[in-house]
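K.L.:
Position one of the sequence shown corresponds to residue 955 (my numbering), numbered consecutively onward.
Every residue, glycine too, gets a C-beta built ideally from N, C-alpha and C.
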Amino acid sequence: MTGSARGGSEFPTAERAGLTLLGGADIITSLRGEPLRGHFWPVQPTDTSGDSAKNNGLVIVCPGFTEFCEKHGSTCRALHERGYDVLVIDWPGQGMSGHFGRHSLAIHIDSFETYLEAMDHLLRFAGLAERNDVYLFGHSMGGHLALRLAARYRQQVRGVILSAPMILPPVTPAVGVRLLANCLCLLGWQRSHPPFYRVQTLATARQFHPDNVLSGWQPGFEAQFLWLDDQPALRRSGPTVGWVRAAYASCAATTMSAVWMRQLDVPVLALTAGEERVVDKPSTIRMLPCLSSCQVHEIAGAKHELLQENPTITNRIWGLVDRFLDALSG
955 MTGSARGGSE FPTAERAGLT LLGGADIITS LRGEPLRGHF WPVQPTDTSG
1005 DSAKNNGLVI VCPGFTEFCE KHGSTCRALH ERGYDVLVID WPGQGMSGHF
1055 GRHSLAIHID SFETYLEAMD HLLRFAGLAE RNDVYLFGHS MGGHLALRLA
1105 ARYRQQVRGV ILSAPMILPP VTPAVGVRLL ANCLCLLGWQ RSHPPFYRVQ
1155 TLATARQFHP DNVLSGWQPG FEAQFLWLDD QPALRRSGPT VGWVRAAYAS
1205 CAATTMSAVW MRQLDVPVLA LTAGEERVVD KPSTIRMLPC LSSCQVHEIA
1255 GAKHELLQEN PTITNRIWGL VDRFLDALSG
């Protein structure tokens, strides 16, 4: 584990804008010869009065597609202030955990198993693999992976919180997408963007417009891009054909399988967006009830980035999270 907190002077623009910087320290290791970065923010063993600080468990934050640790700084701080150790990861191919696509911004992975192996390795390297007080907090693609990790670590996981989870990516029918992706991979497109994909410039991508798919609250929409002003290497845009193939294969075997979902008996809080357009909403509505112990709350008026919405919405979300966690700890 490194001693760097990756905050402060590394993100002056974000700091001046009042964004939440991560506490704790980076964890820098490697997986299959490529860098793997996580960040651990522990509850301090004692508070300022010398009394032991209460530790309510370990929350593993699973970011979404293209995301990096800092983007979830406010979520990590909120959990830390509630008495939880927090571990967050840059998934392989994202953030500071290497790059595998042909285009400098493309996200590539051959199999979602690599993401799971990365978490296995990070937990071992950080000395957290034996914790049995684990909660998973997953956003978007990270929600899909949180469910898979819950099945993988079932005896250690107390609960799962999903934020706009990717039960299935947005393009359907899934069978057609998988067939096309397989054909393109055979033609050598595996590590390339799909032929129809066009990368937006950062200047274009960060322009707020009311019809955007991420957040209806302009400050929340714009905040995610401020990190890139300080660390442009964190930016990613778009999947490779190989990532698409891997994503649909993972969903078909797990979150789109009623049998697989019913076997997952961990308590789940699922928060979905009323105005969802980033992941396939019909699949989310159909499959979440298959989970044996799942509370589903659709947040009216919210878009995909639930915790980047206005304070009225985020306050409601944290109220739901608090009640869920309190019930599990009670």
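Can you tell me where the alpha helix (DSSP H) with residue 1079 in it begins and where it stops?
P.N.:
Within the sequence shown, the letter at position 125 stands for residue 1079. Run containing residue 1079: 1067-1079, per the alpha helix (DSSP H) assignment.
K.L.:
Under a three-way DSSP split, which group does residue 1179 fall into?
P.N.:
On the sequence shown, residue 1179 is found 225 positions in, with the first residue counted as 1. In the structure shown, residue 1179 sits in a helix (DSSP, three-state: H, G or I).
K.L.:
I'd like to confirm the pairing. Which residues does DSSP put opposite residue 1093 in its beta bridges?
P.N.:
In the sequence shown, residue 1093 corresponds to position 139, counting from 1. 1117.
K.L.:
Checking 8 Å against the spacing of the C-beta atoms, do residue 994 and residue 1041 come in under that value?
P.N.:
In the sequence shown, counting from the first residue as 1, residue 994 sits at position 40. In the sequence shown, counting from the first residue as 1, residue 1041 sits at position 87. For residue 994 and residue 1041, yes; Cβs fall inside 8 Å.
K.L.:
In three-state DSSP terms, what is residue 994?
P.N.:
Position 40 of the sequence shown holds residue 994. Note: residue 994 maps to strand in three-state DSSP.
K.L.:
Starting from the Cα of residue 1254, find the closest Cα among 1248, 1245, 1271, 1242 and give me that residue.
P.N.:
Residue numbering aside, residue 1254 sits at position 300 when the sequence shown is read from its first letter. When only C-alpha atoms are compared, the closest one is 1271.
K.L.:
Tell me whether the beta-carbon of residue 1020 lies closer than 8 Å to the beta-carbon of residue 1048.
P.N.:
In the sequence shown, the residue the question calls residue 1020 occupies position 66. In the sequence shown, the residue the question calls residue 1048 occupies position 94. Against a cut-off of 8 Å, the Cβ pair of residue 1048 and residue 1020 comes out as a contact.
K.L.:
Kindly indicate which three-state DSSP category residue 1229 falls into: helix, strand or coil?
P.N.:
If you number the sequence shown from 1, residue 1229 lands on position 275. Residue 1229 falls in the coil class under three-state DSSP.
K.L.:
CB residue 1124 to CB residue 1232, shorter than 8 Å?
P.N.:
Residue mapping note: residue 1124 aligns to position 170 of the sequence shown, counting from 1. Residue mapping note: residue 1232 aligns to position 278 of the sequence shown, counting from 1. Taking 8 Å as the Cβ cut-off, residue 1124 and residue 1232 qualify as a contacting pair.
K.L.:
What's the C-alpha gap between residue 1066 and residue 1055?
P.N.:
For this step, residue 1066 is matched to residue 112 along the sequence shown. For this step, residue 1055 is matched to residue 101 along the sequence shown. When rounded, the distance between both Cα atoms is 15 Å.
K.L.:
Residues bridged to residue 984 by DSSP?
P.N.:
Within the sequence shown, residue 984 is the residue found at index 30, counting from 1. 989, per the DSSP bridge assignment.
K.L.:
Take residue 977 and list the residues in its own chain whose beta-carbon comes closer than 6 Å to its own, dropping the five residues that flank it on each side.
P.N.:
As a working note, residue 977 is residue 23 in the sequence shown. The answer, listed in chain order, is 995.
K.L.:
Helix, strand or coil for residue 965, going by three-state DSSP, please let me know.
P.N.:
Looking up residue 965 in the sequence shown gives position 11. DSSP places residue 965 in coil when its eight states are reduced to three.
K.L.:
Quick check on residue 1249 - is its C-beta less than 8 Å from some C-beta in chain B?
P.N.:
As a matter of chain content, chain B is missing from the structure shown, which is built from one protein chain.
K.L.:
To which residues of the same chain is residue 1149 closer than 6 Å at the C-beta, ignoring the five residues directly before and after it?
P.N.:
Stepping through the sequence shown from its first residue, residue 1149 is reached at position 195. For residue 1149, where only same-chain residues beyond five positions count, there are no Cβ hits under 6 Å.
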